[in-house]
Structure formats: C-alpha cells, structure tokens
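Numbering (the working numbering), first residue to last: 1 to 297.
Here a beta-carbon is modelled for each residue, glycine too, at the ideal position from N, C-alpha and C.
Below: the structure, in structure tokens.
Set out below in structure tokens:
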C-alpha cells in the first residue's frame, strides 16, 4: 500500500491570504500529500472550493482535497464547478462527499432535513458520474429535473472524476460500496474501521463493483494537550464506552501510533488535523512532518 498523509484544517479558522499561501507552500515543501478543507457553513472556515482554487493557482504540486456537502446542491452546477477546478488545477482535486453535521445550527443552515439527505446523496452520486462523462444527460428526480444537459469541461482526471464518501452508519457504508470510489470516515478506532471496511467491500460486491484496496483512509483529529471536557463530551455523545483519546490522540507519538494501527488493518490514506488553531502553522507542520511524514512510501 502507498501511505499518503494530508493535512486538514477542520473547523478552525484560516490565516489571512498571505498566511494561507505560506501554509500551502509549507505543506508542499515538507512533503505532505494534500491540503484538505471542509465545508462547514456555520464555522469560521472559508468556502473550500474558493480556497482550493486559490491554493491551486498558488502552488502547482500539492493535491487539493475537500469534504463537500452534497445534499441541497444543484447537481449540474456541482458537476461543472468540480470539473472546472480539476481542470484548472491540473487534475489535483480530491473529493469526499458528506451529508452534513447533524447538529444545530449547521443542520438548519444546510436547508435539507436530515431524513432526506441520504436519499438525495443516493440519487446525486450516480448522476454526477453521468454528468462528468461529457454525454447528454436527462434526469427527472428529487435533486434535478432536466433534459439533454452536457457538462463541459469534463474533469482532467480519469473519467469519471473519482469521489469518496464517509460515515460509519449502515446506510453510509452501503452508499459507499454502491456508489463511491473510496471511504474516508472519522472519529473511529482501527477495529471499528476494519469491521466497517469489510462491510463496504461486501456492499460493493453486491453492486457488482470493486473498491481499490488503496482507497481506504481515515480523517483523524489530534491534540497536543489533554482533551477538554467539551471535546470529550462531544466525542462521547454518540460513542458510549469509547475512550475519546482512542479516536483523537493526544501528542504526535500517539498520533503516529494510531496511524500505524490503521495501516495494519488496511488503511493507507490519512487526513490529520489539529483540533486547536496552532500558534504557528510552520512550527506545527514541522512537528507533524517529523512525526508522521516517513509513513509515506
């Protein structure tokens, strides 16, 4: 397996435009695989597609990743936006589609009831593949109602543009196996991820598909100091009986140990993200690179 480590900014705020440009260059210089920006409407974060377009123009090498909200999006506009970004970045775009965070005020801001999001994703994911094919597409459903639409440009990467999904629930695992090219969950232990990976592969087999063994990864938040009560409570709300530090390691050594355990059960693509804004991004990235970058092969 080829292990790759990218850095995510999570829900923490970005530096100013000069600081962001330096961060992009530092990631490239220090050998990280990719930059990952989430789409969280109500957090102090930038719009990921706009920021990744800036990063693509600023640096010609770093891969550009996003966990992007799919429910509520116009599929034709989404297909065109992502294809354009992929073309103008030289084929460096990485996408994980997500249904959104199930808590207020984010849930209300998204504008799609939680009960409808999975259904919308199941309809939109195969539709996006068709739109990226460059062929005339007609579709009549909940997420779109149109005839004879052709999206151009098409993505630079191998058609159609690959996308991953996340989530640990049964519906999310089935969705990944049925429609996606890879799986990127978060806040899970290696044992939980290994069991769920087998289920994703089983659902893919049922759908007559195969997901590459190289396409299983994990997004991991980490901290340098003991987790606050607020963070521990948030992690434990839906994870009774799971030690919060089992999914959010404290310290670089603990982070490396967790990554190695994930590698041992078949995971090779990682997004690591500090849960607190670093005082110095350069210092943070140097520390992180010294601890985990040599996992990449």
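- Counting every other CB atom within 10 Å of its CB across the protein chains shown gives residue 176 a total of 16 or more, marking it as buried.
- Judged by DSSP in its simplified three-state form, residue 42 adopts coil rather than helix or strand.
- When the five nearest sequence neighbours on each side are left out, the beta carbons in the same chain lying within less than 8 Å of the beta carbon of residue 91 are those of 155, 156 and 157, in order along the chain.
- Comparing C-alpha distances from residue 16 to each of 193, 81 and 44 shows the shortest one belongs to 44.
- Taking every protein chain shown into account, the CB of residue 226 has fewer than 16 other CB atoms within 10 angstroms, so this residue is exposed.
- Here residue 117 is buried: its Cβ has 16 or more other Cβ atoms, across all protein chains shown, within 10 Å.
- Around the beta-carbon of residue 200, 16 or more other beta-carbon atoms lie within 10 Å, marking it buried.
- Just measuring C-alpha positions, the residue of 189, 275, 257 and 61 sitting nearest residue 228 is 275.
- At least 8 Å separates the beta-carbon of residue 163 from that of residue 211.
- Here residue 112 has 71, 72, 100 and 120 as same chain residues with Cβ atoms under 8 Å from its own Cβ, once five neighbours each way along the sequence are excluded.
- One alpha carbon belongs to residue 77, the other to residue 143, and they sit about 12 Å apart.
- Looking at the DSSP output, residue 36 sits in a beta bridge with 8 and 65.
- Between residue 231 and residue 249 the beta-carbon gap is near 13 Å, outside 8 Å, which marks them as no contact.
- Segment contact: the segment 119-133 against the segment 35-43, fewer than three CB-CB distances shorter than 8 Å; contact not assigned.
- Sequence-distant partners of residue 269 (beyond 5 residues in either direction) whose C-beta falls short of 6 Å from its own C-beta, in its chain, are 4 and 217.
- Of the other Cβ atoms in all chains shown, 16 or more fall within 10 Å of the Cβ of residue 203; this residue is therefore buried.
- Just so you know, the alpha carbons of residue 19 and residue 185 end up roughly 29 Å apart.
- By the criterion of a C-beta distance shorter than 6 Å, residue 80 is surrounded in its chain by 151, once the five residues flanking it on both sides are discounted.
- For the pair residue 223 and residue 182, the Cα-to-Cα distance works out to about 26 Å.
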